[in-house]
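To keep things clear, I will list the structure first and then write my remarks on it.
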Ligand code: NAP
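In the numbering used here, the protein residues as written are 80 to 558.
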């Protein structure tokens with residue numbers, strides 16, 4: 080049922096994500112008058128706070144994590160906030176929570192920004208408190224489980240209280256402007272689509288590189304690793320958007336139908352098509368950093384780097400490798416997609432001594448949002464010693480091309496879509512399960528073959544085997 084929520088219930092309201100992303104995003108939406116005047120926000124967590132103390136807490140978070148120039152509406156935003164203390168495992172507490180939420184006029188949006196082991200008791204408590212009716216929708220933060228089995232358990236528990244049309248699974252990469260721009264690039268231009276297939280594309284690379292190490296995520300990360308933390312969700316969503324067929328219409332069903340077909344076409348891969356690594360001490364930007372085991376305080380087999388040569392078994396992509404890599408403590412922070420086109424079928428310039436380099440499209444997602452198409456051009460001159468060609472970039476820096484519209488963080492878009500009920504940028508159950516199915520297959524083959532992460536020095540691009548993974552196909556990682 081379509082409704083715009085006028086009440087938002089935020090679980091995990093005192094957590095890191097709430098402080099850094101959710102409260103600042105909501106404050107920005109308020110300042111720009113993008114949410115209704117009557118929207119009330121109820122935060123909940125175990126910490127005993129009253130409304131005034133939570134508003135104080137939120138003010139401190141906004142002052143810390145929001146640029147001063149975006150804090151214009153802060154004082155009035157804080158008036159929207161309320162708080163109810165609750166241990167999500169304590170069923171008796173949900174009646175008081177429901178009383179605090181009250182009866183919204185239009186509807187309620189709930190956002191679970193808590194660890195996934197709290198999802199099942201939370202759903203049970205919401206049912207008990209009468210907070211699952213037709214005018215209630217729910218947003219779930221990742222990670223949704225650690226395997227297909229555990230993901231199904233969570234999905235089943237949520238489905239027991241909410242139909243799929245009212246479940247909003249977050250992958251915050253889908254809230255990023257450049258990720259959405261992939262759809263515009265592919266389907267609002269005639270140029271690329273005729274070439275977007277195995278006949279014209281040699282391979283695709285997707286890199287999500289972080290310079291940070293373990294930070295404060297010890298408990299979660301060591302049990303998860305790079306494959307489950309990054310590939311299972313963000314990386315596969317990027318891959319699906321790059322590889323999907325054109326949907327007939329821009330809506331949640333059509334787009335998600337096409338993405339899930341791609342995810343189901345992922346081939347089960349052999350262990351020799353993956354490389355795992357774990358960083359050892361090294362340097363990032365000239366600063367010494369400790370190794371993973373030093374940060375953790377014990378030995379571990381968790382991979383902090385993974386590179387994969389993936390394949391899609393369908394007509395469009397037959398024989399086109401998708402090289403994926405992600406890791407911590409890599410030399411730079413960047414997320415990018417590289418589409419490497421094939422060489423021209425016949426170079427008329429070869430007889431004049433000129434080399435042609437195949438075209439390449441690089442889509443930068445972070446830190447800079449830009450699109451670069453490398454084209455061949457003739458070096459100016461009289462060509463007495465032969466024709467010379469050179470690659471020249473056709474560059475679109477999104478920040479310059481769209482200097483007017485304000486740059487927003489992904490959660491602004493996603494929270495607004497949750498409040499208004501647009502599921503297009505949220506992940507459907509069948510997508511999550513197709514993602515887990517493929518990831519479980521990789522993990523099972525690692526276990527079967529006793530794969531353990533290779534060491535790499537912090538500040539390098541992972542173990543040398545990751546370089547060999549592409550080099551043996553004559554491909555270089557784009558750096
Ligand atoms: P966090 O800093 O550990 O915060 C957890 C929140 O849950 C706190 O508000 C905590 O408050 C509350 N909480 C813990 N146990 C509770 C319980 N039994 N009953 C009710 N509330 C409880 O975690 P986070 O970093 O904000 O992350 C939240 C979720 O988002 C996690 O699943 C995480 O994996 C995911 N996520 C986080 C990020 C990020 O950048 N931080 C990014 C992507 C996804 P009390 O201790 O006062 O109860």
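All C-beta atoms in this analysis are idealised placements derived from N, C-alpha and C, irrespective of residue type, glycine included.
Here the structure is a predicted model, which means the values were calculated and not measured.
Local Cβ density within 10 Å of residue i, reported as buried at 16 or more and exposed below that
i           : result
residue 205 : buried
residue 528 : exposed
residue 539 : buried
residue 615 : A query on residue 615 cannot be resolved here, the shown segment of the chain reaching from 80 to 558 and no further.
residue 462 : exposed
residue 425 : exposed
residue 329 : exposed
residue 555 : exposed
residue 295 : exposed
residue 38  : Only positions 80 to 558 of the chain appear in this structure, which leaves residue 38 out of reach.
residue 415 : buried
residue 310 : buried
residue 325 : exposed
residue 270 : exposed
residue 297 : exposed
residue 552 : exposed
residue 323 : buried
residue 485 : exposed
residue 24  : Any question about residue 24 goes unanswered here, given that the chain covers just 80 to 558.
residue 453 : buried
residue 607 : The chain is shown from 80 up to 558; residue 607 falls before or after that span and cannot be answered.
residue 398 : exposed
residue 388 : buried
residue 365 : exposed
residue 308 : buried
residue 250 : buried
residue 427 : exposed
residue 338 : buried
residue 377 : exposed
Integer Cβ distance of residue i from residue j, believed to fall under 8 angstroms
i           : j           : result
residue 370 : residue 537 : 7 angstroms
residue 119 : residue 159 : 6 angstroms
residue 198 : residue 154 : Rounded, the Cβ-Cβ distance is 34 angstroms, inconsistent with contact.
residue 219 : residue 191 : 5 angstroms
residue 357 : residue 532 : 4 angstroms
residue 417 : residue 284 : 4 angstroms
residue 391 : residue 341 : 6 angstroms
residue 207 : residue 245 : With a Cβ gap of about 18 angstroms, residue 207 and residue 245 do not count as contacting.
residue 474 : residue 226 : In fact, because the Cβ distance is near 42 angstroms, the residues do not count as touching under 8 angstroms.
residue 140 : residue 187 : At roughly 23 angstroms, the Cβ-Cβ gap does not stay under 8 angstroms, so residue 140 and residue 187 are not in contact.
residue 185 : residue 84  : 6 angstroms
residue 530 : residue 248 : With 8 angstroms as the limit, residue 530 and residue 248 do not qualify as a contact, their Cβ atoms being about 29 angstroms apart.
residue 467 : residue 433 : 6 angstroms
residue 422 : residue 437 : 5 angstroms
residue 354 : residue 542 : 6 angstroms
Proximity test, residue i beta-carbon vs the ligand ADP heavy atom, cut-off 7 angstroms
i           : result
residue 145 : The model on display carries the ligand NAP but not the ligand ADP.
Cutoff 8 angstroms: residue i Cβ touching any chain D Cβ
i           : result
residue 121 : Of the protein chains in the structure, only one exists, and it is not chain D.
- Task: Could you please go through the chain and list the residues whose beta-carbon is closer than 7 angstroms to any non-hydrogen atom of the ligand NAP?
- Result: 90, 91, 92, 93, 94, 95, 96, 97, 99, 100, 123, 124, 125, 126, 165, 166, 167, 168, 192, 193, 194, 195, 197, 220, 221, 222, 251 and 299
- Query: Is the segment 285 to 302 in contact with the segment 361 to 379, if contact means three or more CB pairs nearer than 8 angstroms?
  - Reply: yes
- Quick one: which unbroken alpha helix (DSSP H) runs of 4-plus residues sit fully inside the segment 239 to 292? Chain order, please. 256 to 266
- Please confirm if the segment 233 to 247 is in contact with the segment 273 to 293, defined as three or more CB-CB distances below 8 angstroms between the two stretches. no
- Considering only residues of the segment 150 to 217, which uninterrupted beta strand (DSSP E) runs meet the minimum length of 3 residues and lie entirely inside it, listed in chain order? 160 to 164 and 187 to 191
- Could you say if the segment 483 to 500 and the segment 107 to 119 meet the contact criterion of at least three C-beta pairs nearer than 8 angstroms? yes
- Entirely within the segment 359 to 388 and at least 4 residues each: give me those alpha helix (DSSP H) ranges in chain order. 371 to 375
- Query: Taking three-plus beta-carbon pairs below 8 angstroms as touching, is the segment 309 to 319 in contact with the segment 251 to 261?
  - Reply: yes
- Message: For a minimum of 4 consecutive residues, which ranges assigned as the alpha helix (DSSP H) are wholly contained in the segment 286 to 340?
- Response: 297 to 305 and 315 to 322
- Can you list, in chain order, the stretches of the beta strand (DSSP E) that have 3 or more residues and sit fully within the segment 394 to 425? 401 to 406 and 413 to 420
- Count the CB pairs spanning the segment 433 to 442 and the segment 394 to 412 that are closer than 8 angstroms, and state whether there are at least three. no
- Any beta strand (DSSP E) of 3 or more consecutive residues that is wholly inside the segment 105 to 147: 119 to 124
- Where in the segment 461 to 489 do unbroken runs of the beta strand (DSSP E), each at least 3 residues long, occur, reported from the N-terminal end onward? 468 to 476
- Query: If we count Cβ pairs, one from each stretch, closer than 8 angstroms, do we get three or more for the segment 129 to 145 versus the segment 157 to 171?
  - Reply: yes
- What are the start and end residues of each continuous alpha helix (DSSP H) run of 4 or more residues lying completely inside the segment 494 to 524, in chain order? none
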